[in-house]
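Here's the structure we're looking at; comments come further down.
Chains as they are written, first to last, in the numbering used here: chain Z, 61 to 310; chain G, 3 to 355.
Here's what the structure looks like:
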């Protein structure tokens, strides 16, 4: 049965700085939701709260009807919430294969580890680096490896924290196509929450977009709605995106 | 299909195990051909010490936690095995305060080592339940405290351990062949653990704990398992060692051995079982060579005075040189793998021709 990852009125304060204020968000399985906002708007904090790295001051996180607020990070991961990090956190001295194996070994459905690892390496186009150590990989490959490793766990929801950060335009769009492919691939078919600073990429990729500013939700809607939302234009996008015909939405 | 296990990792572990077994067997065969009593002693001692370095590697190499306390389990294993297998007539005289059942028991070497292994595991489980919840740096310091606690208990619990006087008349049954079998089994356990899902989990946690947790790895049981397994193998090594030496005291399980084992791992490469063995070889050879300057020596007409502490000094220098020139040690994280399958294929081709 299809489930939804849901945050309900999440608030988080760091020593007087309001990082999140009553943020509610829904991520149904099989959809791609974008999370955008300026630096320090609370995007990564929200991902940390969902994955149990940080505990919220108030509010709840649900998977379906299960309240997972306060659960340990590993327990949340076992429930099917995978993630990547803003600054890649690979197992540097382990090889690419071993990094992906780590994810696959954690999968609940008893996959054949070797064939699943090969499938992921091919799917993310990193098979030619299979025996290299993760720490020596080019940056773009590290990003793809982190996604492959997270997909290995067989997540129902995948939270991608700035997967295109540090990539050039060409690499970013290649990654975008891969993420799009993953979301419709029946082998994976998970809900994807993607954070990125590239509005063009997010507007093209996502079915719905959630916009944060100083820890608060200022808009939520389809790319078309977000593109013409005055608050979003003022706080984040700028007027160029409202009228830029090059930004293809469909 | 093997759920959760990678056939690739298992096959690689099997190849390494076979390669190491062949190499170590060769060492014992050469020693037996030379048929010298001192070489037999050195080889037996080397194989047993190497078993313990491999046990040390299982924890420190896989978890990345610098442990100063694994040698404590070497002591626990050695004392447990010795107390179980010293002849009752000796115990009546040397250890009259021992509980009657222990005083009148002589289990035989194999059972004594098995019980010592289990007992080390139980002690490690009790201690590990607490320390595996600590941060990595705190865990290292806690293992240091553990070493001091165990040493102090052994040194002062005269009724059971004879304190500083030590135990004696332990049946000396360890031969190079038994020590070789012990090391081959221990290397197999270490390689299998390294290739297992739980082994990969702790290696991932060593690299990045948060990333490992975000992939579903609960660090406490993973670290606890590693700690207990390493302690059990260390205890088995201690039991083997006790049966190779006839008499020993508490000083054998303290700073000097901790230093030597850490040196062996750092020099060989702590992320590799082969590295632990390579490090043992290097430290053993350097130690044997540096004993000559320690005793004073003559080269031609030049009399070189005694250099006290030459062995420890040279091992310490070797650690520094390794850390500067090759921080990951001789082997890094690589394991020895002879190309057996290729050899078999080549042999098949020749036979067909």
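We put the CB at the ideal spot given by N, CA and C, even for glycine.
Within 8 Å (strictly less), CB to CB, does residue i reach chain Z?
i: residue 206 (chain G); result: yes
i: residue 6 (chain G); result: yes
i: residue 209 (chain G); result: yes
i: residue 106 (chain G); result: no
i: residue 220 (chain G); result: yes
i: residue 199 (chain G); result: yes
i: residue 17 (chain G); result: no
i: residue 10 (chain G); result: yes
i: residue 28 (chain G); result: no
i: residue 85 (chain G); result: no
i: residue 202 (chain G); result: yes
Please check if any C-beta of chain G sits within less than 8 Å of the C-beta of residue i.
i: residue 266 (chain Z); result: no
i: residue 166 (chain Z); result: yes
i: residue 174 (chain Z); result: yes
i: residue 153 (chain Z); result: yes
i: residue 162 (chain Z); result: yes
i: residue 213 (chain Z); result: yes
i: residue 209 (chain Z); result: yes
i: residue 280 (chain Z); result: no
i: residue 86 (chain Z); result: no
i: residue 274 (chain Z); result: no
i: residue 158 (chain Z); result: yes
i: residue 285 (chain Z); result: no
For residue i, name the three-state secondary structure that DSSP assigns.
i: residue 295 (chain Z); result: helix
i: residue 288 (chain Z); result: coil
i: residue 170 (chain G); result: coil
i: residue 114 (chain Z); result: coil
i: residue 151 (chain G); result: helix
i: residue 277 (chain G); result: helix
i: residue 193 (chain Z); result: strand
i: residue 300 (chain G); result: strand
i: residue 126 (chain Z); result: strand
i: residue 268 (chain Z); result: strand
i: residue 178 (chain G); result: helix
i: residue 250 (chain G); result: strand
i: residue 82 (chain Z); result: strand
i: residue 187 (chain G); result: helix
Got a sec, what are the start and stop residues for the alpha helix (DSSP H) residue i sits in?
i: residue 179 (chain Z); result: 173-183
i: residue 65 (chain G); result: 39-65
i: residue 242 (chain G); result: 221-247
i: residue 164 (chain G); result: Unbroken run through residue 164 (chain G): none, as it is neither H nor E.
i: residue 263 (chain G); result: 257-270
i: residue 236 (chain Z); result: 229-244
i: residue 90 (chain G); result: 90-96
i: residue 15 (chain G); result: 9-36
Ends of the beta strand (DSSP E) at residue i?
i: residue 221 (chain Z); result: 217-221
i: residue 73 (chain Z); result: 64-74
i: residue 251 (chain Z); result: 251-255
i: residue 281 (chain Z); result: 276-281
i: residue 137 (chain G); result: First-last for residue 137 (chain G): undefined, no H or E at that position.
i: residue 216 (chain G); result: Element bounds for residue 216 (chain G): not the beta strand (DSSP E) but the alpha helix (DSSP H), 211-216.
i: residue 142 (chain Z); result: 141-143
Looking only at its own chain, which residues have a Cβ that is under 7 Å from the Cβ of residue i, when we skip the five neighbours before and after it?
i: residue 210 (chain Z); result: 142, 143, 144, 163 and 218
i: residue 194 (chain G); result: 15
i: residue 310 (chain Z); result: The pLDDT assigned to residue 310 (chain Z) is 38, lower than 50, so where the model puts this residue is not dependable, and the model offers no usable value.
i: residue 173 (chain G); result: 87, 111 and 245
i: residue 153 (chain Z); result: 193 and 195
i: residue 292 (chain G); result: 312, 313 and 316
i: residue 131 (chain G); result: 226
i: residue 81 (chain Z); result: 71, 275 and 276
Which residues in the same chain have their Cβ closer than 6 Å to the Cβ of residue i, if we skip the five residues on either side of it in sequence?
i: residue 80 (chain G); result: 240, 243 and 244
i: residue 145 (chain G); result: 69, 70 and 71
i: residue 118 (chain G); result: 79, 82, 83, 237 and 241
i: residue 122 (chain G); result: 75, 78, 79, 233, 234 and 237
i: residue 214 (chain G); result: 206 and 207
Cutting at 8 Å between CB atoms, please list the residues of its own chain near residue i, excluding the five before and the five after it.
i: residue 166 (chain Z); result: 137, 138, 212 and 213
Residues within the segment 217-242 of chain Z neighbouring chain G, beta-carbon criterion of under 7 Å = none
Could you name the residues of the segment 182-204 of chain Z whose beta carbon sits closer than 8 Å to any beta carbon of chain G, in the order they occur along the chain?
-> none
Check distances from the C-beta atoms of the segment 124-150 of chain Z to those of chain G and list, in chain order, the residues that come in under 8 Å.
-> 132, 133, 134, 135, 137, 138, 142, 143, 145, 149 and 150
Taking a Cβ distance cut-off of 8 Å, strictly less, list which residues of the segment 90-123 of chain Z are near chain G, in chain order.
-> 111 and 113
Could you run through the segment 213-242 of chain G and flag, in chain order, every residue whose CB is less than 7 Å away from some CB of chain Z?
-> 213, 215, 216, 217, 218, 219 and 220
Would you list, in chain order, the members of the segment 322-335 of chain G that have their beta-carbon closer than 9 Å to a beta-carbon of chain Z?
-> 330, 334 and 335
Which residues, in chain order, does the segment 258-289 of chain G contribute to contact with chain Z at a C-beta distance below 8 Å?
-> 273
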